[in-house]
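S.K.: Quick one: this structure, given as structure tokens, is what I'll be asking you about.
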Amino acid sequence: MAVVEQLLADELLGEPAFRHGAPDRVMLVSGGPVSHLASWSLVAAPSTKRVVVRQPGRDVLPAAPVHEPLSGDVQLVDAHPLLEAEVEEWKHGSWYHSVTLRARDLGDLFVKLQAETST
Numbered sequence: 000m001a002v003v004e005q006l007l008a009d010e011l012l013g014e015p016a017f018r019h020g021a022p023d024r025v026m027l028v029s030g031g032p033v034s035h036l037a038s039w040s041l042v043a044a045p046s047t048k049r050v051v052v053r054q055p056g057r058d059v060l061p062a063a064p065v066h067e068p069l070s071g072d073v074q075l076v077d078a079h080p081l082l083e084a085e086v087e088e089w090k091h092g093s094w095y096h097s098v099t100l101r102a103r104d105l106g107d108l109f110v111k112l113q114a115e116t117s118t
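Mapping the sequence shown onto numbering that gives the first Met the number 0, position 100 (from 1) lands on 99, and the numbers just tick up by one.
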């Protein structure tokens with residue numbers, strides 16, 4: 000993509016862009032069927048905030064016991080641990096922890112994230 004190459008040359012993307020935000024690259028490519036909704040691709044500016052959500056460890060969410068779902072033996076784990084999302088900010092050339100959010104489900108997490116990412 001010519002735009003990306005120009006942004007790299009101007010040091011607005013990639014490693015040299017660390018002054019403006021993280022060197023991560025995010026590109027939203029419109030690759031679906033041609034329509035009025037699929038006529039643009041986007042290149043995000045260097046980010047200054049990110050959210051890291053990890054799967055709970057086995058100490059919090061144990062594995063289901065050995066079972067045979069294809070034979071009709073379905074055993075679900077009945078644990079509903081809180082989701083934990085770590086909000087990080089790009090400062091001084093690296094990511095720093097800002098706050099940890101805990102939520103009941105994705106909807107609750109997105110509501111809490113909105114307050115953290117509205118700036």
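Yeah, the Cβ is synthetic: ideal placement off N, Cα and C, and Gly gets one too.
Please find out if some non-hydrogen atom of the ligand FMN comes closer than 7 Å to the beta-carbon of Leu60.
M.R.: The model on display carries no ligand, and the ligand FMN is accordingly not part of it.
S.K.: Taking the alpha helix (DSSP H) that His110 falls in, what are its first and last residues?
M.R.: For clarity, residue 110 is Val in the given sequence; the question names His instead. Where Val110 is concerned, the enclosing alpha helix (DSSP H) stretches over 105-116.
S.K.: Relative to the C-alpha of Ser93, which residue among Gln54, Pro22, Pro55, Gly106 is closest?
M.R.: Comparing Cα positions, the closest option is Pro22.
S.K.: In chain order, what residues of the same chain lie with their CB nearer than 6 Å to the CB of Pro80, ignoring the 5 residues before and after it?
M.R.: Excluding sequence neighbours, Pro80 sits near Pro55, Val59, Leu60.
S.K.: Please report how far the alpha carbon of Ala8 lies from the alpha carbon of Trp89, in whole angstroms.
M.R.: Approximately 22 Å between the Cα atoms of the pair.
S.K.: In this structure, how does DSSP classify Arg57 when only helix, strand and coil are distinguished?
M.R.: If DSSP states are grouped into helix, strand and coil, Arg57 belongs with coil.
S.K.: Pick helix, strand or coil for Leu6, following the three-state DSSP scheme.
M.R.: Leu6: helix per DSSP, three-state reduction.
S.K.: Kindly indicate which three-state DSSP category Ser70 falls into: helix, strand or coil?
M.R.: Ser70 falls in the helix class under three-state DSSP.
S.K.: Does the beta-carbon distance from Gly71 to Pro45 come in below 8 Å?
M.R.: No; because the gap between Cβ atoms is not below 8 Å, this pair is not in contact.
S.K.: Quick check on DSSP: helix, strand or coil for Ala102?
M.R.: Residue state, collapsed to three classes: strand.
S.K.: Let me know if Leu100 comes out buried or exposed under the rule of 16 or more other beta-carbons within 10 Å of its beta-carbon.
M.R.: It is buried - the Cβ of Leu100 has at least 16 other Cβ atoms within 10 Å.
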